[in-house]
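A.B. asks:
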Amino acid sequence: MISDIPAFIRENTRVLAPSHVPEIKLHLADDAMALWEMTEEQLGELDLPPPFWAFAWAGGQALARYLLDHAEIVRGRSVLDVASGSGLVAIAAMLAGAASAVAVDIDGFAADAAKLNAELNGVVIATSDVDPVGKPTAADLILVGDLFYDRDLAPRVLEWLIALEREGKEVLIGDPGRTYLPRDKLEQIAAYDIPVTRALEDADVKRAAVWKLR
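Going from the sequence shown to my numbering is simple: count from 1 and add 64.
(1) Could you confirm whether any beta carbon from chain D is found closer than 8 Å to the beta carbon of Phe-116?
(2) Closer than 6 Å by C-beta to Gly-123: which residues in its own chain qualify, once you throw out the five before and the five after it? Chain order, please.
(3) Can we say the region 163-176 touches the region 134-151, given the rule of at least three CB pairs closer than 8 Å?
(4) Less than 6 Å between C-beta atoms, sequence neighbours within five positions excluded: which residues of the same chain meet that for Val-153?
(5) Under the rule that 16 or more other beta-carbon atoms within 10 Å means buried, what is Asp-248, buried or exposed?
(6) Within the continuous beta strand (DSSP E) that includes Leu-144, where are the two ends?
(7) Asp-266 to Thr-243, Cα distance in whole Å?
(8) Relative to the C-alpha of Asp-133, which candidate in Ala-120, Asp-216, Ala-156 has its C-alpha closest?
(9) So, under 8 Å CB-CB, Glu-229 and Val-221 are touching, yes? Tell me the CB distance rounded to an integer number of Å.
(10) Leaving out five residues before and five after Gln-252 in sequence, what residues of the same chain have Cβ atoms less than 6 Å from its Cβ?
(11) Could you check the C-alpha separation between Ser-83 and Trp-121 for me, to the nearest Å?
(12) Quick check: Met-158 and Ile-189, are their CB atoms within less than 8 Å of each other?
(13) If I follow the unbroken beta strand (DSSP E) through Tyr-256, where does it start and stop?
(14) Please state whether the Cβ-Cβ distance between Leu-92 and Phe-72 is less than 8 Å.
(15) Taking the Cβ atom as the reference point for each residue, do Gly-161 and Asn-181 lie within a distance shorter than 8 Å?
(16) Would you mind stating whether Phe-212 and Ala-203 have Cβ atoms separated by less than 8 Å?
(17) Spatial neighbours of Pro-259 within its chain, please: C-beta separation below 6 Å, excluding the five flanking residues on both sides.
(18) So what's Val-269 in DSSP terms, helix, strand or just coil?
(19) Kindly indicate which three-state DSSP category Ala-163 falls into: helix, strand or coil?
(20) What whole-angstrom Cβ distance do Ile-88 and Ala-98 have, given they're in contact under 8 Å?
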């Protein structure tokens with residue numbers, strides 16, 4: 065049982081700057097497998113999802129970099145960071161001048177991680193652990209990083225994003241070419257070569273892009 069999730073996060077991570085977003089500091093893990101096993105052991109559960117919140121994934125880094133370099137896109141707007149993990153993208157949006165940002169992730173640790181990371185960077189974000197896919201949102205700008213890795217989830221997410229854009233929302237996706245990324249429905253607007261952890265990815269450097277819906 066983990067009674068104090070923020071304390072668990074602090075004890076099992078280090079404050080580091082993601083390779084492609086050095087302006088931002090995050091609580092990040094050095095060893096993916098060790099943290100994963102420790103989480104399962106302390107919770108007394110098996111087959112938990114990986115601790116996505118403890119790493120700065122390539123798609124999220126690309127999206128964060130793009131927002132910081134193009135602050136006019138986000139300035140004064142309300143933002144929804146979907147599958148937020150560490151909260152990196154929501155934090156970048158706030159640093160770039162967003163009026164507000166909600167980091168949403170169904171992982172039970174992600175909200176605490178995002179709040180701790182926001183505090184490190186001197187910004188305030190809201191969090192949610194309710195699955196947003198298929199639901200309406202008041203946000204102006206929908207940001208999605210590294211979410212097209214699952215065959216069943218990807219079409220649900222795409223359908224939802226298309227519907228939101230038809231309502232007048234703007235959608236940006238950060239992705240290094242995950243298996244189920246719907247490239248035929250997207251237009252690439254930026255790309256970055258991002259150093260990553262080989263234990264989590266299949267390379268030392270990932271070419272991650274920022275996409276918009278066609």
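Built from N, CA and C at the ideal position, the CB exists for glycine as well. The model shown is predicted, which means the values in this text are computed figures rather than measured ones.
C.D. replies: Reading from the atomic positions:
(1) Structure shown: chain D not included; a single protein chain is present.
(2) Gly-209, Asp-210, Gly-238, Asp-239, Pro-240, Ala-272
(3) yes
(4) Gly-124, Leu-127, Ala-128, Asp-145, Leu-207, Gly-209
(5) exposed
(6) 142-146
(7) 13 Å
(8) Ala-156
(9) Contact flag wrong, Cβ pair sits at about 13 Å.
(10) Ala-273, Trp-275
(11) 10 Å
(12) yes
(13) 250-259
(14) no
(15) no
(16) no
(17) Ser-83, Val-269
(18) strand
(19) coil
(20) So it is not a contact: roughly 24 Å between Cβ atoms.
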